[in-house]
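**Student:**
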């Protein structure tokens, strides 16, 4: 008895785990990869430079230790730290207050400006795009050296940060309470205060706390361009080769930023 061969079933390949790449995407990836390799050869530190720099780094660290603990210097540094915290706090509070109406005016579907909402949105983008040190240089040039220039820099930086997140939070707010208020004839301000803000308040608080944490870190370095705070004392220490003073200031900055992160994390957890 001759057995007939069974028909062979077509072999199916398993689906690919990687998405298909179009020729254009492949070309872009090749160009980006080539740009990265060229940039790495031009700006990345070579092993020889790292090896030559390590002894000098060790020597600098040795000259910075131990940190200066002179009471007069610590008192002066304490006043500078207090000024840094004042710059961050006042700048953040004013920035958040201004960001609230700016975010409302820039929010899609909520703004009373209609199509003209792109103007406050573009202003927020401008504030966010320009680096902090550039704003600090502008305010130092116009307002003079000191904490006022630093505070104005934090205000502008906070508007750029919070304005965007406030606008996005308002756009994602629940629409049903808004529609209910519109149905009874409420105006836009009433809808904002009665429906939108209560719904997005946790997000606004979280964004404001992030802005405060960001402002503390930013206000530390603003003094490098003369905008007040502990950064100004750090610049003087390095300019005068007072490395023990510099190490004490760096240690104080580390403690301040760490404490601020701990505080804002606890507050965010409380308001969630």
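Residue numbers (UniProt numbering): 1 to 272.
Ideal Cβ placement from N, Cα and C applies to all residues, glycine included.
#1: Measuring only the C-alpha atoms, how far is residue 219 from residue 264?
#2: Measure the alpha-carbon distance for residue 33 versus residue 188 and round it to whole angstroms.
#3: Should the region 214-229 be regarded as contacting the region 41-52, the criterion being three or more beta carbon pairs within less than 8 Å?
#4: Give the straight-line distance between the Cα atoms of residue 67 and residue 159, rounded to the nearest whole angstrom.
#5: On the criterion of 16 or more Cβ atoms from any shown chain inside 10 Å, does residue 174 qualify as buried, or is it exposed?
#6: Please report the residue range of the alpha helix (DSSP H) in which residue 172 lies.
#7: So which of 145, 195, 38 and 183 has the shortest CA-CA distance to residue 177?
#8: For the alpha helix (DSSP H) containing residue 240, list its first residue and its last residue.
#9: How should residue 161 be labelled, buried or exposed, when 16 other C-beta atoms within 10 angstroms of its C-beta is the threshold for buried?
#10: Against chain B, does residue 188 count as a neighbour if the rule is that its beta carbon must be under 7 Å from one of theirs?
#11: Using DSSP with H/G/I as helix, E/B as strand and the rest coil, what is residue 164?
#12: Assuming residue 169 and residue 149 are in contact, meaning their beta carbons sit under 8 Å apart, how far apart are those beta carbons, in whole angstroms?
#13: Taking all protein chains shown into account, do 16 or more other C-beta atoms lie within 10 angstroms of the C-beta of residue 216, making it buried, or fewer, making it exposed?
#14: With residue 61 as the anchor, note down where its alpha helix (DSSP H) starts and where it stops.
**Tutor:** Taking the structure as given:
#1: Numbered from its first residue, the chain shown carries residue 219 at position 219. Numbered from its first residue, the chain shown carries residue 264 at position 264. Spanning the two alpha carbons is a distance of roughly 17 Å.
#2: Here residue 33 is taken as the residue at index 33 of the chain shown, counted from 1. Here residue 188 is taken as the residue at index 188 of the chain shown, counted from 1. Cα to Cα, the separation comes out at about 50 Å.
#3: no
#4: Along the chain shown, one-based indexing puts residue 67 at 67. Along the chain shown, one-based indexing puts residue 159 at 159. Going from the Cα of residue 67 to the Cα of residue 159 covers about 37 Å.
#5: Position 174 of the chain shown, counted from the start, is the residue given in the question as residue 174. Exposed: under 16 other Cβ atoms inside 10 Å.
#6: Residue mapping note: residue 172 aligns to position 172 of the chain shown, counting from 1. It is not in any alpha helix (DSSP H) - residue 172 carries neither H nor E in the DSSP assignment.
#7: In the chain shown, residue 177 corresponds to position 177, counting from 1. Checked all of 145, 195, 38 and 183; the closest Cα to residue 177 is 195.
#8: Taking the chain shown and counting its residues from 1, the one referred to as residue 240 is at position 240. It is not in any alpha helix (DSSP H) - residue 240 carries neither H nor E in the DSSP assignment.
#9: Within the chain shown, the letter at position 161 stands for residue 161. Label assigned to residue 161: buried.
#10: Here there is only one protein chain, and chain B is not present.
#11: Within the chain shown, the letter at position 164 stands for residue 164. In this structure, residue 164 counts as helix in the three-state DSSP scheme.
#12: Walking along the chain shown from the start, residue 169 turns up at place 169. Walking along the chain shown from the start, residue 149 turns up at place 149. The pair is not a contact, with the Cβ atoms about 30 Å apart (cut-off 8 Å).
#13: As a working mapping, residue 216 is identified with position 216 in the chain shown. Flag for residue 216 reads buried.
#14: Within the chain shown, the letter at position 61 stands for residue 61. Unbroken alpha helix (DSSP H) run through residue 61: 47-64.
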